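Below is one structure; the comments refer to it alone.
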Amino acid sequence: FLRDGQNGGWQRDSNGRFRSRRIAVKARIVKLNAQGRKRASHGPERAKAASKAVDAHLRYLERDGASRDGEKGKAYSVIEDEADGKAFVERGREDRHQFRFIVAPEDSNEMADLRSFTRDLMRQVEKDLETRLDWIAIDHHNTGHPHTHIIVRGVLEGGGILNIAGDYIAHGIRHRASELVTLELGHQSEIELQSKLMTEVEAERWTRLDKMLATEQRERGIVDLRPVGGTTYAFPENRVLMIARAKHLERYGLANEIETGQWAISDRAEATLKELSDRNAIIETMHRALATHGLDEERGVDQYVRHGARPSERITGRVLAKGLAGDEMDERIYLVVDGIDGRVHHIEFSDASNLKDIGRDMIVEVAPAISRPRAADRNIALNAGENDQIFRPSQHLARIREQFAREGKDAESFVRSHVRRLEDLRRAGHVERLDEDQWKVPSDIVERGQAYDRTRGGESPVITPLSPQNLERQIATSAATWLDRELTAREHLVIADGGFGRDVRDALHRRAEHLVKMGYATVRVSIGVQN
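In my numbering, the protein residues as written are 1 to 531.
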């Protein structure tokens, strides 16, 4: 990409055939306050929630095991090797938005220092944007492929709002990063490039080879891999690898050889391969969590269960790991739970507000999400006319204005929130807007609203801490424990003979023996364990 001196934008280089170092850049703009430093009077709670989410995001980025030496990740800035992350968040508390980037050089393992590279990159970005930036970064070495998280405040040097052009976010930063890595490591040779492409032939992810195949099919309607078929520049040197990749995709049902050397790639290929990549990343996360506890050889992959954000069963076990889910760009949090059912569970939470005090080795229970009826839907139903089922915002406001004034609440804001809810339900076809002050609502608006929320993912799974202590500490303590509750429960948990279930069975027996020695139980105590 080259800088366009006339309009200050970025345009694609017409050559297109560089051997520069490849960089993956992910970007996200996170909205904090709709009105920036002039907050809207009706949105303080939303702004407060966004602010807490920013705090939590930084906390997880600095989690244990993120640095090269396995210690806690450290934030740094343009001049500070250990920047104060909390102070950075506090400075941006009133900002309208912030920018988040993940910069992952393909050859990061060969680079001398990600920190120096990041500082050089941000200096170049400042030159391109013609403003000083307030940013912090954290290097992560915990995935086997080192990468850097960069958080940039959405403010200009003079205090105004920072807006970054979409094409610069999409292309310019990656180009600048590639320039720096290429300067450090040199251009890739043909041998290097071919060696990297060879590793992609059997990769369970969307690769450069797949992009070449997809581009050829999009432009010509078919992928022609015959010796004289392909016309793009990439075919002569990559034809053998592309044939091998097409055959590999065929085993997944994602490609079909129509005639000798001519292939059709499935429309499902990209989505399927990205899903496989996500699955493998989760499996790697679970394996890493088990390895941290020395359990990786004891627990097999056949015991892994991936629930996503919608577990369909109740899970009880100990927390092995906790961190940012997916690509680590948003606030979704995952837990890896070693279950008493003998399996290992990976669960994601879109609402992490209840996870703040959940730590490793705690005993927890995770239940499926319960999408409860919204209070707004109940209010709409109560304020709709009994005869005509018409909700009138003006009448609702008149009913609550005096009471809200006594309580110091904003009645108008409260009613506006109900109108926004009605707008959402209208788009889904559940209610009808007759005019500015009349909404036709069905008699089962509460049930319809609940069903609508379920289609949009509902709520996060419900987590309940059962014990902050691990099993060993519970066995010998003099205080009441989760083990005691299970020993004396009328309905006992179903505990497996293997995995963490076996550990719990053993702990229950040892706890019972300890209670006998303390005089709190007799040998007649029945250890409540079911098969």
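Cβ coordinates follow ideal geometry from the N, Cα and C atoms, glycine included. Nothing here was measured: the structure is a model prediction, and the numbers come from that model.
Check: Length of the line joining the Cα atoms of Ala291 and Pro311; Outcome: 24 Å
Check: Whole-Å CB distance - Val103 paired with Ile150, under 8 Å assumed; Outcome: 6 Å
Check: Residues sharing a beta bridge with Pro105, DSSP; Outcome: Ile23
Check: Residue closest to His293, alpha-carbon to alpha-carbon, out of Arg119, Phe500 and Arg22; Outcome: Phe500
Check: Assumed close pair Asn33, Asp95 - CB separation to whole angstroms, cut-off 8 Å; Outcome: 7 Å
Check: Residues that Phe349 bridges to, as DSSP identifies them; Outcome: Ile333
Check: Assumed close pair Ser20, Ser178 - CB separation to whole angstroms, cut-off 8 Å; Outcome: 5 Å
Check: Backbone CA spacing between Ile191 and Pro465 [nearest angstrom]; Outcome: 54 Å
Check: Within the segment 458-530, ranges of the alpha helix (DSSP H) (whole runs, at least 4 residues); Outcome: 471-476, 482-488 and 499-518
Check: Candidates His307, Val305 and Met286: closest to Glu297 by CA position; Outcome: Met286
Check: Leu114: first and last residue of the uninterrupted alpha helix (DSSP H) it sits in; Outcome: Leu114 to Leu129
Check: Neighbourhood of Ala496 by C-beta distance below 6 Å, restricted to the same chain and skipping five residues each side; Outcome: Asp341 and Gly342
Check: Through-space distance from His396 to Ser478, alpha-carbon basis; Outcome: 56 Å
Check: The segment 370-388 contacting the segment 416-424, beta-carbon criterion three pairs below 8 Å; Outcome: yes
Check: Ile258 - partner residues in DSSP beta bridges; Outcome: In the DSSP output, where bridge partners are listed per residue, Ile258 has none listed.
Check: Three-way DSSP call (helix, strand, coil) for Asp431 in this model; Outcome: For the sequence presented, residue 431 should be read as Val rather than Asp. DSSP places Val431 in coil when its eight states are reduced to three.
Check: Counted within 10 angstroms of its Cβ, other Cβ atoms place Arg218 as buried (16 or more) or exposed; Outcome: exposed
Check: Nearest-angstrom Cα separation, counted from Gly429 out to Ser417; Outcome: 19 Å
Check: Cα-Cα separation between Val276 and Arg205, rounded to whole angstroms; Outcome: The question names Val, yet the displayed sequence has Leu at residue 276. Taking the straight line from one Cα to the other gives about 6 Å.
Check: Cβ contact (3+ pairs, closer than 8 Å) linking the segment 324-334 and the segment 470-486; Outcome: no
Check: Boundaries (first-last residue) of the beta strand (DSSP E) holding Asp139; Outcome: Trp135 to His140
Check: Glu365 (DSSP reduced to helix, strand or coil); Outcome: strand
Check: Ala369 beta carbon less than 8 Å from that of Val305; Outcome: no
Check: Rounded separation between Asp302 and Ile282 - CA only; Outcome: 14 Å
Check: For Gly449, three-class secondary structure by DSSP; Outcome: helix
Check: Cβ contact check for the segment 337-357 and the segment 313-322: 3 or more pairs under 8 Å; Outcome: yes
Check: Pairwise C-alpha distance: His147 and Lys74; Outcome: 14 Å
Check: Alpha-carbon spacing of Glu513 relative to Gly323, whole angstroms; Outcome: 37 Å
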